[in-house]
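Q: Here's a structure for you.
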Amino acid sequence: MAPVWFLFAIFFLSLVTVVFVPGALGVQITALRVPASVRNGSASVLLDCEYSLRPDETQSDSGLVVKWFFNATPAPVYQWIRGNRPQELGVLKGRLKLDHRASRHPATMHRALYILNPTTDLSGEYKCVVSTFDDEDFMIKTMTVFVPERRLEMIQRKPSIDSVNVTCLAEGVSPEPRLSLYIEREKGHRVAVAGVKVVTTVRTGTTFDVAAHALIADDTLQTPTVFSCEMKIPNADYVRRKNVVYYPGQMLPSCFSIECCGSIKTADLVWLVISTFLLMMVSNHITNGS
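Structure (structure tokens):
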């Protein structure tokens, strides 16, 4: 009969082998490389599912299958059975480059999704499942396909001589963006504008028009004041900013944006510039005289 210490040593070594030898536990997904965001209509996007296998699972008779699922649907949108041609299914039918090879190894070459011209309907959760006759593993990540703004502008209107209505407008964005209004201070500091109201309109399809506006009293502002708008698209590394300069107390035309002012005659614009300059001169003269 073997000594107790010998049996204990064999048991300990078996544990070390199971825990520390790569691939000893069977198929394991080591990395799921799914970009967090991609621009709508990009040429392509690659989703890769890297995994390790035991030596015996790299053999052609291991029953290796790679499947991709989209948004928790029960049926896969992609399937590759080793030894067979990959299949594109469901929402990815006709949208994949099936001859793409992620590696040269016959047990991993068709593990990835090479999506052509991704569009917003492909935003969602992607699940990779790798299985053999003996084991299975899976991993999930989310990808957002976003549409950048068709237009981003700031508009300032004066409902009265002592207040201003500042509006930030973003058009044709997907998913629905978040708009924030700020007052810029010195040395890069900024203060969020209080009382901002947001109105969202759904366009045809999945894009949004969003307007954020606030009514602000002139006596709470410095001269001049720089208003800024920040637009963020959720779950995407995409931020855009726009600034506008405002001089409290001065009356503005009813429309005050680059796009809108295009309809104003040149003579009117010249008169606006001259009158604004004169008002500033008079204001400075009164201030210096006092």
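Numbered per mature numbering (1 follows the signal peptide of the UniProt record, and there is no 0), the sequence shown spans residues -26 to -1, 1 to 264. Even glycine gets a Cβ: it sits at the ideal position worked out from N, Cα and C.
1. Once DSSP output is grouped into helix, strand and coil, what is the label at D211?
2. Identify every residue that forms a DSSP beta bridge with L189.
3. So V147 and V184 are in contact, right, with Cβ under 8 Å, and what is the actual spacing, rounded?
4. Tell me the DSSP bridge mates of V176?
5. Ordered along the chain, which non-local residues of its own chain (more than five positions away) have a Cβ less than 6 Å from that of V173?
6. Along the chain, where does the beta strand (DSSP E) containing T118 start, and where does it finish?
7. Going straight from the alpha carbon of K115 to that of L6, what length do you get?
8. With DSSP collapsed to three states, give me the class of V51.
9. Of the choices W42, I190, T82, whose alpha-carbon is the least far from that of G98?
10. Have a look at Y221, D73, V65, T118 and flag the residue whose alpha-carbon is nearest the alpha-carbon of residue 265.
11. Nearest CA to the CA of G179: which residue from V200, P149, A17?
12. With distances taken Cα to Cα, identify the nearest neighbour of E160 among R152, H84, Q196.
13. Taking the Cβ atom as the reference point for each residue, do S26 and T47 lie within a distance shorter than 9 Å?
14. In its own chain, which residues sit with a C-beta less than 6 Å from the C-beta of G37, not counting the 5 before and 5 after it?
15. Opposite D35 in the DSSP bridges: which residues?
16. Assign G15 to one of two classes, buried (16 or more other C-beta atoms within 10 Å of its C-beta) or exposed (fewer than that).
17. Here's a check: name, in chain order, each residue in its chain whose Cβ is nearer than 7 Å to the Cβ of P(-5), leaving out the five neighbours to either side.
18. Flag this pair as yes or no: are the beta carbons of V119 and L96 separated by less than 9 Å?
19. Given a cut-off of 9 Å, decide if I129 and L143 are closer than it, judged by their beta-carbon atoms.
20. According to DSSP, simplified to helix, strand and coil, what is E145?
21. Can you check which of these residues, V103, V40, T194, A17, is closest to P80 by C-alpha distance?
22. Roughly how many angstroms separate the alpha carbons of G64 and H187, rounded to a whole number?
23. Where do the N-terminal and C-terminal ends of the beta strand (DSSP E) with Y156 fall, by residue?
24. Taking the C-alpha atoms as reference points, what is the distance between T194 and A168?
25. Could you check whether A166 and L155 sit closer than 9 Å to each other, using their CB atoms as the reference points?
A: In short, the structure shows the following:
1. Position 237 of the sequence shown, counting from 1, holds the residue named residue 211. Note: D211 maps to coil in three-state DSSP.
2. The count along the sequence shown starts at 1 and reaches residue 189 at position 215. According to DSSP, which records beta bridges pairwise, L189 is partnered with N139.
3. One-based indexing of the sequence shown puts residue 147 at position 173. One-based indexing of the sequence shown puts residue 184 at position 210. Contact holds; Cβ gap of about 7 Å.
4. For the purposes of this step, residue 176 is taken as the residue at position 202 of the sequence shown. The partner list for V176 (beta bridge, DSSP) reads F182.
5. Position 199 of the sequence shown, counting from 1, holds the residue named residue 173. Contacts found: A185.
6. Taking the sequence shown and counting its residues from 1, one reaches residue 118 at position 144. T118 -> beta strand (DSSP E) spans 110 to 120.
7. For this step, residue 115 is matched to residue 141 along the sequence shown. For this step, residue 6 is matched to residue 32 along the sequence shown. Straight-line Cα distance between these residues: approximately 7 Å.
8. Within the sequence shown, residue 51 is the residue found at index 77, counting from 1. Looking at V51 - three-state DSSP - the assignment turns out to be coil, as it is neither helix nor strand.
9. Position 124 of the sequence shown, counted from the first residue, corresponds to residue 98. Taking only the C-alpha atoms, the option nearest G98 is W42.
10. No statement about residue 265 is possible, as the shown extent of the chain runs from -26 to 264 and does not include it.
11. As a working note, residue 179 is residue 205 in the sequence shown. When only C-alpha atoms are compared, the closest one is P149.
12. Here residue 160 is taken as the residue at index 186 of the sequence shown, counted from 1. If we check each option's Cα against that of E160, Q196 comes out closest.
13. As a working note, residue 26 is residue 52 in the sequence shown. As a working note, residue 47 is residue 73 in the sequence shown. Not in contact: S26 and T47 (Cβ atoms no closer than 9 Å).
14. Looking up residue 37 in the sequence shown gives position 63. The answer, listed in chain order, is T106, F107.
15. Along the sequence shown, one-based indexing puts residue 35 at 61. Partner(s): none; D35 has no beta bridge.
16. The residue labelled residue 15 in the question sits at position 41 within the sequence shown. Exposed: under 16 other Cβ atoms inside 10 Å.
17. Working through the sequence shown from its first residue, we reach residue -5 at position 22. Low confidence applies here, because P(-5) scores a pLDDT of 45, under 50, leaving its location unreliable; read the following figure in that light. Cβ within range, chain order: S26.
18. As a working note, residue 119 is residue 145 in the sequence shown. As a working note, residue 96 is residue 122 in the sequence shown. Cβ atoms of V119 and L96: closer than 9 Å.
19. Taking the first residue of the sequence shown as position 1, residue 143 is located at position 169. Taking the first residue of the sequence shown as position 1, residue 129 is located at position 155. Cβ atoms of L143 and I129: closer than 9 Å.
20. Position 171 of the sequence shown, counted from the first residue, corresponds to residue 145. Three-state result, E145: strand.
21. Residue 80 sits at position 106 when you count from the first residue of the sequence shown. Ranking the options by Cα distance to P80, first place goes to V40.
22. Against the sequence shown, residue 64 aligns to sequence position 90. Against the sequence shown, residue 187 aligns to sequence position 213. Taking C-alpha positions only, G64 is separated from H187 by approximately 42 Å.
23. Residue mapping note: residue 156 aligns to position 182 of the sequence shown, counting from 1. Note, Y156: beta strand (DSSP E), 152 to 158.
24. If you number the sequence shown from 1, residue 194 lands on position 220. If you number the sequence shown from 1, residue 168 lands on position 194. Between T194 and A168, the C-alpha separation is close to 12 Å.
25. Position 181 of the sequence shown, counted from the start, is the residue given in the question as residue 155. Position 192 of the sequence shown, counted from the start, is the residue given in the question as residue 166. In contact: L155 and A166 (Cβ atoms closer than 9 Å).
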